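These notes are about the structure you will find just below.
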Amino acid sequence: MEMQSVGSPALWAGFIIFVLAMLALDLGVFHRKTHEVKFKEALAWSGVWIALALVFDLGIWWKFGSTPAMQFLTGYLIEKSLSIDNIFVFVVIFSALKIPSLYQHRVLFWGILSALVLRAVMIFAGVAMLERFHWLIYVFGAFLIFTGVKLFLQRNKEEHPEDGAVMKLARRVIPSTSRFDGDHFFTLENGKKLATPLFMSLVLVELTDVLFALDSIPAIFAVTTDPFLVFTSNIFAIMGLRSLFFVLAGAVEKFSYLKVGLSGVLVFVGAKMALVDVVKVPSTVSLGVIALLLGVSIAASLLKARAQERALADKAVETNGQPAAAE
Numbered sequence: 197m198e199m200q201s202v203g204s205p206a207l208w209a210g211f212i213i214f215v216l217a218m219l220a221l222d223l224g225v226f227h228r229k230t231h232e233v234k235f236k237e238a239l240a241w242s243g244v245w246i247a248l249a250l251v252f253d254l255g256i257w258w259k260f261g262s263t264p265a266m267q268f269l270t271g272y273l274i275e276k277s278l279s280i281d282n283i284f285v286f287v288v289i290f291s292a293l294k295i296p297s298l299y300q301h302r303v304l305f306w307g308i309l310s311a312l313v314l315r316a317v318m319i320f321a322g323v324a325m326l327e328r329f330h331w332l333i334y335v336f337g338a339f340l341i342f343t344g345v346k347l348f349l350q351r352n353k354e355e356h357p358e359d360g361a362v363m364k365l366a367r368r369v370i371p372s373t374s375r376f377d378g379d380h381f382f383t384l385e386n387g388k389k390l391a392t393p394l395f396m397s398l399v400l401v402e403l404t405d406v407l408f409a410l411d412s413i414p415a416i417f418a419v420t421t422d423p424f425l426v427f428t429s430n431i432f433a434i435m436g437l438r439s440l441f442f443v444l445a446g447a448v449e450k451f452s453y454l455k456v457g458l459s460g461v462l463v464f465v466g467a468k469m470a471l472v473d474v475v476k477v478p479s480t481v482s483l484g485v486i487a488l489l490l491g492v493s494i495a496a497s498l499l500k501a502r503a504q505e506r507a508l509a510d511k512a513v514e515t516n517g518q519p520a521a522a523e
């Protein structure tokens with residue numbers, strides 16, 4: 197399988213410089229001082245990252261045509277939707293380890309910075325393997341179908357990453373303390389250098405991204421095998437993950453049907469990948485199916501949340517009585 201790419205050395209260099217510049221701007225200017233990220237700030241930054249991704253996609257369309265642009269947009273939508281599932285786990289991690297909201301951005305920044313490097317390695321490794329062993333595409337497809345079914349069956353299972361085997365091993369290997377020392381990952385206690393809960397939460401965030409990357413990267417290969425499009429769509433989704441976390445962190449419980457939609461997406465792209473030599477699914481169809489699955493699951497979740505809020509309000513009225521009626 198020969199891999200074709202729209203990415204020239206100049207485009208690769210330009211994109212990497214852009215990412216590094218945005219990271220420096222984020223850490224060195226906008227978040228130079230530790231502060232709690234409020235909803236409006238997070239919403240603005242989410243809008244900025246989505247707008248940048250769409251502008252980049254328009255540039256792809258202008259320079260290379262509609263097909264690569266559709267492939268980028270579909271890959272970005274897959275990554276963006278799967279990253280929401282990351283947020284569910286991040287909320288659990290920060291809650292379990294009692295990480296103050298003041299320091300959550302710092303953990304996510306360094307976690308996502310490491311994720312950028314990790315995903316780049318995984319993408320290029322995946323491209324190299326698919327180029328040499330075409331049959332791996334069927335393995336990836338079967339794995340995605342299995343993951344989608346598993347996600348559906350375990351959609352109501354509570355996550356407890358802080359009690360997992362990896363976290364227990366990390367606590368044995370890395371001397372740690374339950375005491376915070378501002379926004380520091382390590383502190384001195386009785387003359388010993390110990391990891392604070394911030395660092396332990398960073399370990400879990402890194403582990404979570406590794407696990408999710410095993411699903412998300414093969415999912416994009418079902419849309420395109422162009423390493424430049426795979427890499428850029430991945431990075432744009434990951435770079436916007438921090439701000440999206442602070443937008444959705446307080447409302448993740450409202451997305452009760454999202455995992456159903458995500459499982460449908462994984463099964464669809466897995467089947468598309470497994471049948472790649474039998475059925476050719478146009479990029480527009482893939483984009484439409486994925487958008488429909490996610491849109492329906494999000495709409496159903498919000499309708500359910502609204503119905504539950506109404507039911508609670510009605511119950512409160514029945515319990516407390518209606519002052520107006522009493523008069």
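In this text, residue positions in the sequence shown follow my numbering: the first is 197, and each later residue adds one.
For each residue, glycine too, the CB sits at the ideal point set by N, CA and C.
Since this is a predicted model, take the numbers as computed values, not measurements.
Check the DSSP bridge columns for residue i and list the partner residues they point to.
i      : result
Ser372 : Ala391
Thr383 : Leu390
Alpha carbon to alpha carbon, how far is residue j from residue i? Give it in angstroms, no decimals.
i      : j      : result
Ala520 : Arg506 : Residue placement at Ala520 cannot be trusted, given a pLDDT of 46 that sits under 50; what the coordinates show is reported in the next sentence. Going by the C-alpha atoms only, they are around 19 angstroms apart.
Met318 : Ala418 : 15 angstroms
Met197 : Trp331 : Residue confidence for Met197 is low, a pLDDT of 48 falling below 50, so the modelled location carries little weight and cannot support an answer.
Glu523 : Leu444 : Note that Glu523 scores 40 on pLDDT, short of 50, meaning its location in the model is unreliable; the coordinates nonetheless yield the value given after this. So the alpha carbons of these two residues sit roughly 42 angstroms apart.
Ser242 : Phe235 : 10 angstroms
Trp258 : Gly436 : 24 angstroms
Val461 : Asn386 : 51 angstroms
Gly203 : Ile246 : 21 angstroms
Arg351 : Ala249 : 30 angstroms
Leu403 : Leu489 : 27 angstroms
Ala512 : Phe284 : 29 angstroms
Ile486 : Leu278 : 12 angstroms
Ala240 : Ala220 : 18 angstroms
Val474 : Met325 : 21 angstroms
Val369 : Val345 : 35 angstroms
Lys364 : Phe260 : 49 angstroms
Ala526 : Val251 : In the structure as shown, the chain starts at 197 and stops at 523, and residue 526 therefore has no counterpart that could be examined.
Lys294 : Ala321 : 36 angstroms
Gln504 : Arg315 : 39 angstroms
Lys353 : Lys500 : 19 angstroms
Please state if the CB of residue j and the CB of residue i are separated by a distance shorter than 9 angstroms.
i      : j      : result
Ala311 : Asp222 : no
Leu304 : Phe286 : yes
Phe464 : Ile280 : no
Thr420 : Thr270 : yes
Phe442 : Ala238 : yes
Lys468 : Gly337 : yes
Trp306 : Leu440 : no
Ala415 : Gly466 : yes
Val426 : Val323 : yes
Leu458 : Leu340 : no
Val456 : Ser412 : no
Val401 : Ile289 : yes
Closest to residue i by CA distance: which of the options is it?
i      : options                        : result
Leu273 : Ser482, Asp510, Leu508         : Ser482
Tyr453 : Lys476, Val475, Phe381, Gly491 : Gly491
Leu394 : Arg302, Leu407, Arg315         : Arg302
Gly378 : Leu298, Phe427, Ile289         : Leu298
Thr392 : Gly255, Ala409, Ser372, Pro478 : Ser372
Ala137 : Leu499, Met396, Leu410, Leu471 : This structure cannot settle anything about residue 137, because the visible part of the chain is limited to 197 through 523.
Arg375 : Leu349, Gly261, Lys389         : Lys389
Leu471 : Ile289, Ile333, Arg328, Leu499 : Ile333
Asp253 : Phe290, Ala265, Phe260         : Ala265
Thr343 : Lys353, Ala501, Lys500, Leu410 : Leu410
Ala433 : Val244, Glu327, Pro205         : Val244
Note down, in chain order, each residue of its chain lying with its Cβ closer than 6 angstroms to the Cβ of residue i, except the 5 sequence neighbours on either side.
i      : result
Ser201 : Asp422, Pro423, Phe424
Ala408 : For the sequence presented, residue 408 should be read as Phe rather than Ala. Excluding residues within five positions, the ones whose Cβ falls inside 6 angstroms are Asn282.
May I ask whether a heavy atom of the ligand SAM can be found less than 8 angstroms away from the beta carbon of residue i?
i      : result
Gly387 : No copy of the ligand SAM appears in this structure; indeed no ligand is present at all.
Could you name the residues of the same chain whose beta carbon sits closer than 7 angstroms to that of residue i, not counting the 5 residues immediately before and after it, in chain order?
i      : result
Ser429 : Phe268, Gly271, Tyr272, Glu275, Ile416
Ile431 : Val215, Leu312
Phe211 : Thr428
Leu498 : Lys450
Arg438 : His301, Leu304, Phe305, Ile308
Arg502 : none
Keeping to the same chain, check which residues put their C-beta closer than 8 angstroms to that of residue i; ignore five residues upstream and five downstream.
i      : result
Met218 : Met435
Trp208 : Phe424
His380 : Thr392, Leu394
Are the C-beta atoms of residue i and some chain D residue less than 9 angstroms apart?
i      : result
Phe376 : No chain D appears in this structure, which consists of one protein chain only.
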